[in-house]
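Terminal number for the sequence shown in this note's numbering: 218, no gaps in between. Worksheet for the structure shown next.
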Amino acid sequence: MALQLSTDELLTTTRTVRKRLDFEKPVSRQIIQDCLDLALQAPNGSNLQQWRWLVVDDPERIGRLAALYNEAIAEYSKQYIEEGFSKAPGVDPAFDRMNESVAHLAENLHRSPALVIPCMPGRMENAGIFDQSSQWGSLLPAIWSFMLALRSRGLGSAWTTVHLHREKEAAELLGIPEGRWTQAGLFPVAYTLGNDFKRAPRKTAESVIRWNGW
Ligand SMILES: Cc1cc2nc3c(=O)[nH]c(=O)nc-3n(C[C@H](O)[C@H](O)[C@H](O)COP(=O)(O)O)c2cc1C
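Dropping the structure here:
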């Protein structure tokens, strides 16, 4: 059933949900398909709609993807620390909370009712900026619409990309033709525990706008 949210509420309270995903409650294929039908109204280059949405609801495959995700996160965390992005515990409580939440999702990902992997055609390792922008720009708006549609129905997701450190292995597992498709991320889908999500602290528009020039 749809939540009674205004457009502004929907746009400001659709969060990355990790600790409040309900891993116990089943999610029907129909609701995922309904949310994707809404998401596919998003803009995309020349209206080619060259996307493929892998929806994984087989527990065995979810478990294997979750294992790849955990391998990737272990590797990425090392790199993150080495490159100086990490902060010592206690220095920044918001950073600590995010890390705890990231760890919770990683530990529980295998319990997700479904995982969605949006894909776009081609590889962009050597692509120019026009091709990159056109390709990503033809998929990312639909992904965000998918998250909004989930939220509007009492479900949630988390935007994640870390499994792309194991993209090849995930492609093998799911039979994605080698070298011909790019995975954009991995999105757990579940009902949320409660619906009272909040607006996040963000930079103000005023602080980042430059009117009429850099
Ligand atoms: C491109 C991108 C990649 C992300 N990758 C991950 C990820 O791999 N794992 C994760 O737990 N969260 C990931 N996140 C979620 C961010 O940490 C989250 O969006 C950010 O902390 C702000 O929180 P909010 O979305 O609730 O406002 C990612 C978000 C984006 C947009």
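Glycine included, each C-beta is placed from N, C-alpha and C at the ideal position.
Count the other C-beta atoms from every protein chain shown that fall within 10 angstroms of the C-beta of residue i, then say buried if there are 16 or more, exposed otherwise.
i	result
Asn216	exposed
Arg56	exposed
Gln139	buried
Met151	buried
Met128	exposed
Gly88	exposed
Asn48	buried
Leu72	buried
Leu52	exposed
Arg155	buried
Val95	exposed
Ala6	exposed
Ala209	exposed
Gln187	buried
Taking the continuous alpha helix (DSSP H) assigned at residue i, which residues delimit it?
i	result
Leu178	Glu171 to Leu178
Met102	Pro97 to Asn112
Ile133	Ile133 to Gly141
Arg4	Since the first residue of the chain shown is 5 and the last is 218, residue 4 is not available in this structure.
Val59	Taken as a continuous stretch (DSSP letters only), Val59 belongs to no alpha helix (DSSP H), being part of the beta strand (DSSP E) at Arg56 to Val60.
Ala6	Here Ala6 belongs to no alpha helix (DSSP H), and DSSP marks it neither H nor E.
Glu210	Ala209 to Val212
Which residues does DSSP pair with residue i in a beta bridge?
i	result
Ser161	Thr20
Ala194	Gly160
Trp185	Pro125
Enumerate in chain order the residues of its own chain whose CB-to-CB distance from residue i is below 8 Å, with the five nearest sequence positions on each side excluded.
i	result
Arg101	none
Ala131	Gln139
Ser116	Leu25, Phe27, Ile66, Ala70, Pro192, Val193 and Ala194
Using a Cβ-Cβ cutoff of less than 6 Å, which residues in the same chain neighbour residue i once the five nearest sequence positions on both sides are dropped?
i	result
Gln54	Pro125
Ala204	none
Can you list, in chain order, the residues of its chain whose CB lies under 7 Å from that of residue i, leaving out five sequence neighbours each side?
i	result
Thr165	Gly189
Arg170	Leu72, Glu75 and Ala76
Taking residue i as part of the beta strand (DSSP E), name the residues at either end of that continuous run.
i	result
Ala71	Where Ala71 is concerned, there is no enclosing beta strand (DSSP E), although the alpha helix (DSSP H) it sits in stretches over Pro63 to Glu86.
Quick test of your reading: residue i and residue j, contact by CB under 8 Å. State the CB separation rounded to the nearest angstrom.
i	j	result
Val60	Ser161	That belief does not hold up - the Cβ atoms of Val60 and Ser161 are roughly 13 Å apart, past 8 Å.
Ala118	Val31	6 Å
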